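Asker: Chains A and C are the protein sequences, given in the same order.
Per the numbering used here, the very first residue in the first sequence carries number 1; after that it's consecutive.
Per the numbering used here, the very first residue in the second sequence carries number 1; after that it's consecutive.
Positions of the beta carbon are idealized from the N, C-alpha and C atoms, including for glycine.
Computed from a predicted structure; not experimentally measured.
2 protein chains.
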Amino acid sequence: MIHKEDPFKANFDSLEEFADRISDLLQCPITIEDANHRLIAYSAHDDYTDPARTATIISRRVPEKVINSLWKTGVIPALLSSEEPLRVETISDVGLGNRVAVSIWKNNEVIGFIWALETGRTLSKDDMELLKKAAKAAKNKVLQLYMRKNKREERVQEFFWKLLTGHIKTNEEIHENFSAMQIPAAPRFSVLVFRFANGITSDLEKQISYILQTTQQVQVLLYTVERNDFILLVAPKSADQPLYELNQFISSFATKMKERFHINSIQSSFGGIYETFEYIEKSYKEALTVLSMKEKFPEQTFSIYGYQQLGIYQFFDLLLEKKQQGEFANSALTKLQAYDEKHHTNLIETYEAFFDHDSNVNETAKALNIHPNTLSYRLKRIAEIGEIDLHNMNQKVKLYIDIKLAKYEALH
Amino acid sequence: MIHKEDPFKANFDSLEEFADRISDLLQCPITIEDANHRLIAYSAHDDYTDPARTATIISRRVPEKVINSLWKTGVIPALLSSEEPLRVETISDVGLGNRVAVSIWKNNEVIGFIWALETGRTLSKDDMELLKKAAKAAKNKVLQLYMRKNKREERVQEFFWKLLTGHIKTNEEIHENFSAMQIPAAPRFSVLVFRFANGITSDLEKQISYILQTTQQVQVLLYTVERNDFILLVAPKSADQPLYELNQFISSFATKMKERFHINSIQSSFGGIYETFEYIEKSYKEALTVLSMKEKFPEQTFSIYGYQQLGIYQFFDLLLEKKQQGEFANSALTKLQAYDEKHHTNLIETYEAFFDHDSNVNETAKALNIHPNTLSYRLKRIAEIGEIDLHNMNQKVKLYIDIKLAKYEALH
DNA sequence: CATTATTTTGTGGATTTCCACAAAATTAAT
DNA sequence: ATTAATTTTGTGGAAATCCACAAAATAATG
Numbered sequence: 001m002i003h004k005e006d007p008f009k010a011n012f013d014s015l016e017e018f019a020d021r022i023s024d025l026l027q028c029p030i031t032i033e034d035a036n037h038r039l040i041a042y043s044a045h046d047d048y049t050d051p052a053r054t055a056t057i058i059s060r061r062v063p064e065k066v067i068n069s070l071w072k073t074g075v076i077p078a079l080l081s082s083e084e085p086l087r088v089e090t091i092s093d094v095g096l097g098n099r100v101a102v103s104i105w106k107n108n109e110v111i112g113f114i115w116a117l118e119t120g121r122t123l124s125k126d127d128m129e130l131l132k133k134a135a136k137a138a139k140n141k142v143l144q145l146y147m148r149k150n151k152r153e154e155r156v157q158e159f160f161w162k163l164l165t166g167h168i169k170t171n172e173e174i175h176e177n178f179s180a181m182q183i184p185a186a187p188r189f190s191v192l193v194f195r196f197a198n199g200i201t202s203d204l205e206k207q208i209s210y211i212l213q214t215t216q217q218v219q220v221l222l223y224t225v226e227r228n229d230f231i232l233l234v235a236p237k238s239a240d241q242p243l244y245e246l247n248q249f250i251s252s253f254a255t256k257m258k259e260r261f262h263i264n265s266i267q268s269s270f271g272g273i274y275e276t277f278e279y280i281e282k283s284y285k286e287a288l289t290v291l292s293m294k295e296k297f298p299e300q301t302f303s304i305y306g307y308q309q310l311g312i313y314q315f316f317d318l319l320l321e322k323k324q325q326g327e328f329a330n331s332a333l334t335k336l337q338a339y340d341e342k343h344h345t346n347l348i349e350t351y352e353a354f355f356d357h358d359s360n361v362n363e364t365a366k367a368l369n370i371h372p373n374t375l376s377y378r379l380k381r382i383a384e385i386g387e388i389d390l391h392n393m394n395q396k397v398k399l400y401i402d403i404k405l406a407k408y409e410a411l412h
Numbered sequence: 001m002i003h004k005e006d007p008f009k010a011n012f013d014s015l016e017e018f019a020d021r022i023s024d025l026l027q028c029p030i031t032i033e034d035a036n037h038r039l040i041a042y043s044a045h046d047d048y049t050d051p052a053r054t055a056t057i058i059s060r061r062v063p064e065k066v067i068n069s070l071w072k073t074g075v076i077p078a079l080l081s082s083e084e085p086l087r088v089e090t091i092s093d094v095g096l097g098n099r100v101a102v103s104i105w106k107n108n109e110v111i112g113f114i115w116a117l118e119t120g121r122t123l124s125k126d127d128m129e130l131l132k133k134a135a136k137a138a139k140n141k142v143l144q145l146y147m148r149k150n151k152r153e154e155r156v157q158e159f160f161w162k163l164l165t166g167h168i169k170t171n172e173e174i175h176e177n178f179s180a181m182q183i184p185a186a187p188r189f190s191v192l193v194f195r196f197a198n199g200i201t202s203d204l205e206k207q208i209s210y211i212l213q214t215t216q217q218v219q220v221l222l223y224t225v226e227r228n229d230f231i232l233l234v235a236p237k238s239a240d241q242p243l244y245e246l247n248q249f250i251s252s253f254a255t256k257m258k259e260r261f262h263i264n265s266i267q268s269s270f271g272g273i274y275e276t277f278e279y280i281e282k283s284y285k286e287a288l289t290v291l292s293m294k295e296k297f298p299e300q301t302f303s304i305y306g307y308q309q310l311g312i313y314q315f316f317d318l319l320l321e322k323k324q325q326g327e328f329a330n331s332a333l334t335k336l337q338a339y340d341e342k343h344h345t346n347l348i349e350t351y352e353a354f355f356d357h358d359s360n361v362n363e364t365a366k367a368l369n370i371h372p373n374t375l376s377y378r379l380k381r382i383a384e385i386g387e388i389d390l391h392n393m394n395q396k397v398k399l400y401i402d403i404k405l406a407k408y409e410a411l412h
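1. So if DSSP puts I30/C in a beta bridge, which residue, or which two residues, is it bridged to?
2. Using a Cβ-Cβ cut-off of 6 angstroms (strictly less than) and excluding sequence neighbours within five positions of D24/A, which residues of its own chain qualify?
3. Out of L246/C, F355/C and M257/C, state which residue places its alpha-carbon closest to the alpha-carbon of I304/C.
4. So, does the CB of A391/A fall closer than 8 angstroms to a CB anywhere in chain C?
5. Below 8 angstroms between beta carbons: does that hold for L96/A and A55/A?
6. Short of 9 angstroms Cβ to Cβ, which residues in the segment 354-370 of chain A face chain C?
7. Count the CB pairs spanning the segment 129-147 of chain C and the segment 75-89 of chain C that are closer than 8 angstroms, and state whether there are at least three.
8. Taking buried to mean at least 16 other C-beta atoms within 10 Å of its own C-beta, is G271/A buried or exposed?
9. Rounded to whole angstroms, what is the Cα-Cα separation between E349/A and Y400/A?
10. Classify D46/A as helix, strand or coil using the three-state DSSP reduction.
11. For the alpha helix (DSSP H) containing V290/C, name the first residue and the last one.
12. Give the straight-line distance between the Cα atoms of K72/C and E281/C, rounded to the nearest whole angstrom.
13. In the segment 48-94 of chain A, which residue ranges form an unbroken alpha helix (DSSP H) of at least 4 residues, counting only runs that do not cross its ends?
14. Please list the partners that Y377/A has in chain C, where partner means a Cβ-to-Cβ separation under 9 angstroms.
15. In the segment 267-288 of chain C, which residues sit with their C-beta less than 8 angstroms from some C-beta in chain A, listed in chain order?
16. May I ask you to report which of helix, strand or coil DSSP gives L232/C?
17. At least one CB of chain C closer than 8 angstroms to the CB of Y339/A: is that the case?
18. Any Cβ of chain A within less than 8 angstroms of the Cβ of L79/C?
19. Are the CB atoms of A41/C and A19/C nearer to each other than 8 angstroms?
20. Classify Y48/C as buried or exposed, calling it buried when 16 or more other Cβ atoms lie within 10 Å of its own Cβ.
21. Using C-beta distances below 6 angstroms, list every residue in its chain close to Y146/A, excluding the 5 sequence neighbours before and after it, in chain order.
22. For S303/C, name the three-state secondary structure that DSSP assigns.
23. Could you list which residues in chain C have their beta carbon closer than 7 angstroms to that of K237/A, in chain order?
24. Whose Cβ in chain A lies nearer than 7 angstroms to the Cβ of K398/C?
25. I want to verify the contact list: residues of chain A whose CB lies under 7 angstroms from the CB of E387/C, in sequence order.
26. S190/C lies in the beta strand (DSSP E); which residues open and close that run?
27. Please list the partners that Q308/C has in chain A, where partner means a Cβ-to-Cβ separation under 7 angstroms.
28. In terms of residues, what are the limits of the alpha helix (DSSP H) holding T224/A?
29. Alpha carbon to alpha carbon, what distance is there between T119/C and T276/C?
30. In the DSSP output, which residue or residues are listed as bridge partners for A367/A?
31. Between which two residues does the beta strand (DSSP E) carrying I403/A extend?
32. My guess is that I104/A and K139/A are in contact by the Cβ rule of under 8 angstroms, so how many angstroms apart are they, rounded?
33. Would you verify that the beta carbon of K407/C is, or is not, closer than 8 angstroms to some beta carbon of chain A?
34. Sorted by chain position, which residues of the same chain lie with C-beta nearer than 8 angstroms to R121/C's C-beta, five sequence neighbours on each side aside?
35. On the three-state DSSP scale, how would you describe E259/A?
36. Note down, in chain order, each residue of its chain lying with its Cβ closer than 8 angstroms to the Cβ of R188/A, except the 5 sequence neighbours on either side.
Printed below as a string of structure tokens:
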């Protein structure tokens, strides 16, 4: 099939119609996606489609695992760096058959993709050329969509910011806005913050937004940007393990940012998980509290992301304030410190390590490079010197807290 | 030996002289004590004295174990209820040889004792009569001492009260007063409070004072009375186990008050142990904090006396305040509560009991009357439902605190 | 420098904990 | 009322803890 003149010169009303036209010309199923792999249009009269395409059409977005594998195999990076069509071999793990893809460009930016599934036949050089022309012809329509989405995005972000700062209080008002903007409802949510080392440029924002759009672990209801912080309203899917899901999300986000965009050192946190929207502001503040604590007390909190996981550190600022007014003097701690000082021992360090390792003798001994019996001996001495009963939860905990608090104070 | 006329008619200059006179007449060593068993005077020209008397003279007070045994054998109660001389058989445990005692009375009150040690000879009926007369004759001189002591006591109490309320601040000023009033210095001290069910009458005050004067476990530097509270400045003797000594003191005080005066239900507490006197006010406040906490949260604190032992409850009022402002919501706790509610389970109670029993599976199971495996199973469920890692000290502790805090809030 | 006190490491055995598995009992759901 | 899910109790064996004791190493003291 040879097309001397541009077969896409004629106007078309919708991108669906356009997809069908390409499909007719190339004799294979066509899918058009936006830059975030959301479905824009697809050709209708095809007899066969592979599982990946089916899933894409059903959920109106490309499945996350498909996107991940397209990144890993270098397909998407190639599409983002060249206007040339690219053949993708079958990746059967994710139900992806042979296909050819091309990116749609506006100036120096990719604003979408066209996919041609090679079901019956393999595309020729000329067919590839044709696909490239199709990409150019689709530009304007995709751009319109893109602009429209951007405008909506701005309105939505403004709304989110009002929620975060508590400028919209009543549940009714919030719900009205949610449905007006077609933001899906969710039974529970949390505010999540990614804090970057530098200010978030609009380029970076697009990259983040891209990763979020292609994430299906949690539902991202809203997001906005504030200096170095990328702030999200996210809804974990399960009622059973919301914390687990959020942690997973954070970790996979960090991995993706690192692998795909070489951005390291993102600090992440999320606030409490709540069920009604009045708590958005609170959850946000809690997320900020976690970040602030992670900054001030990094060694103790590096593995903590959620406000709940922050545990006793939630009230450390409160305790510190009182401590600095001279309260909560712990004579056990004082005595142990004095003993350590005088005899060059490590009783406090030992105590701390022991409880950091969940009162597990062997683990702690290993971590401290000492014999387990040495650890036992030291604990016995700690009990004697500090006059503290190590079988008493209350006393144990108090000393543990006081040790951490002293560390915190020293860092301050 | 018969003495028709009163042999004590003649004036005498000092009680020492008087003791010698009796000793001459009865041919045995004589000791005169005040109502609190402090040595007032003793006869000098005696060839033999038993260990109890020696110790009494050396330390200028009757040893505590001797007093205890005189109470147990009913000697002191008898002396306190009758003017008649009383023979005491040897109590060899405490180094007490045979002797005769008589109490010195002023109106209806005992203000001292005279002891005659039967070293060589046994006292006859007439000798006893003589001793009784001696007690009457000693009255005035002993009373003078008694009054003088009382006056000093008043001045000292006033001074102590100023210390407690922070009206004397500088260490210098405090030290000056201490030496002016001949209060012994002590390397470390704490303020201790006994709170009685009712106001402290002057009778009760005397009884308490009596017990304190005869106590040698800790050194009582100062005391005073405020409504229902008997407030003491005490100095533990050892540097190693001051807490232990103070706890012992409290427990033995309670026992004595019960056994000797049938007074139950004393609430006791003490503040921090400090080394410089500026902290007296603070220690006092801490002691009051303990008492207040014991009142508000009795089940959790019934075995706590010292401020240090109060542990995490030291900052419960602080936490409660924040909690009531809506902070520190713990979703793990919320979920567990919901689960308990819905399925009629006891997860929270189980968790609490487990840590109250120092994470000891067997003990806890016994206390809850369940199989140890049931406990394990419940803990596993708690971890799942609350999304909490039971191998993580921080998370464990936070939930424990939050459970106790919820209880505390409910009691409020 | 010698002596004493304290700390560390090692050994062995009784006890306890931890788990996996399974049967019974109870509760919830259709 | 039957089925399914959850909870409780039981058994047994591997692993870990605890403890007493002792030798070696180190630190403190006169």
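Answerer: Let's see:
1. If you number the second sequence from 1, residue 30/C lands on position 30. DSSP output for I30/C lists A116/C as bridge partner(s).
2. For this step, residue 24/A is matched to residue 24 along the first sequence. Nothing meets the Cβ criterion.
3. As a working note, residue 304/C is residue 304 in the second sequence. Measuring from the Cα of I304/C, the nearest candidate turns out to be L246/C.
4. The residue labelled residue 391/A in the question sits at position 391 within the first sequence. The identity of residue 391/A in the sequence shown is His, whereas the question assumes Ala. Judged by the 8 angstroms Cβ criterion, H391/A is in contact with chain C.
5. As a working note, residue 96/A is residue 96 in the first sequence. As a working note, residue 55/A is residue 55 in the first sequence. Taking 8 angstroms as the Cβ cut-off, L96/A and A55/A do not qualify as a contacting pair.
6. F355, D356, H357, D358, S359 and N360
7. yes
8. To locate residue 271/A, count along the first sequence from 1; it is residue 271. Classification of G271/A: buried, given that the 10 Å Cβ count is 16 or more.
9. The count along the first sequence starts at 1 and reaches residue 349/A at position 349. The count along the first sequence starts at 1 and reaches residue 400/A at position 400. So the alpha carbons of these two residues sit roughly 11 angstroms apart.
10. As a first step, residue 46/A is located in the first sequence; it is residue number 46 there, counting from the start. Looking at D46/A - three-state DSSP - the assignment turns out to be coil, as it is neither helix nor strand.
11. Within the second sequence, the letter at position 290 stands for residue 290/C. From DSSP, the alpha helix (DSSP H) with V290/C extends over I280 to K296.
12. Position 72 of the second sequence holds residue 72/C. Position 281 of the second sequence holds residue 281/C. Straight-line Cα distance between these residues: approximately 38 angstroms.
13. 51-59, 64-72 and 75-81
14. In the first sequence, the residue the question calls residue 377/A occupies position 377. Result: empty, since nearest Cβ-Cβ is about 18 angstroms, beyond 9 angstroms.
15. G272, I273 and K282
16. For the purposes of this step, residue 232/C is taken as the residue at position 232 of the second sequence. Three-state DSSP puts L232/C in a strand.
17. Residue mapping note: residue 339/A aligns to position 339 of the first sequence, counting from 1. Chain C contact via Cβ: absent.
18. Residue numbering aside, residue 79/C sits at position 79 when the second sequence is read from its first letter. With 8 angstroms as the cut-off, L79/C does not count as an interface residue toward chain A.
19. Taking the first residue of the second sequence as 1, we reach residue 41/C at position 41. Taking the first residue of the second sequence as 1, we reach residue 19/C at position 19. For A41/C and A19/C, yes; Cβs fall inside 8 angstroms.
20. Residue 48/C sits at position 48 when you count from the first residue of the second sequence. Exposed is the call here.
21. Numbered from its first residue, the first sequence carries residue 146/A at position 146. So the qualifying residues of the chain are I111.
22. Numbered from 1 along the second sequence, position 303 holds the residue referred to as residue 303/C. Note: S303/C maps to coil in three-state DSSP.
23. In the first sequence, residue 237/A corresponds to position 237, counting from 1. In chain order: nothing, as chain C lies at least about 14 angstroms away.
24. Translated into the one-based positions of the second sequence, residue 398/C becomes position 398. Under the 7 angstroms cutoff, chain A gives G311 and I312.
25. Your numbering for residue 387/C matches position 387 in the second sequence. Here the neighbours are Q241, L243 and Y244.
26. Position 190 of the second sequence holds residue 190/C. Segment S190 to R195, the beta strand (DSSP E) holding S190/C.
27. By one-based count along the second sequence, residue 308/C stands at place 308. Chain A residues near Q308/C: N330, S331 and A332.
28. Sequence index remark: in the first sequence, residue 224/A carries index 224 (1-based). Taken as a continuous stretch (DSSP letters only), T224/A belongs to no alpha helix (DSSP H), being part of the beta strand (DSSP E) at V218 to E226.
29. Taking the second sequence and counting its residues from 1, the one referred to as residue 276/C is at position 276. Taking the second sequence and counting its residues from 1, the one referred to as residue 119/C is at position 119. Going from the Cα of T276/C to the Cα of T119/C covers about 48 angstroms.
30. The count along the first sequence starts at 1 and reaches residue 367/A at position 367. Note: A367/A sits in no beta bridge, so no partner.
31. Position 403 of the first sequence, counting from 1, holds the residue named residue 403/A. Note, I403/A: premise wrong, no beta strand (DSSP E); alpha helix (DSSP H) at M393 to L411.
32. Mapped onto the first sequence, residue 104/A falls at position 104. Mapped onto the first sequence, residue 139/A falls at position 139. Correct: roughly 6 angstroms between the Cβ atoms.
33. Here residue 407/C corresponds to residue number 407 of the second sequence, with the count starting at 1. So no, K407/C is outside the interface.
34. Along the second sequence, one-based indexing puts residue 121/C at 121. Same-chain partners within the cutoff: Q27 and C28.
35. For this step, residue 259/A is matched to residue 259 along the first sequence. Helix, per DSSP.
36. Counted from its first residue, the first sequence places residue 188/A at position 188. A235, P236, A239, P242, I273, Y274 and E275, listed in sequence order.
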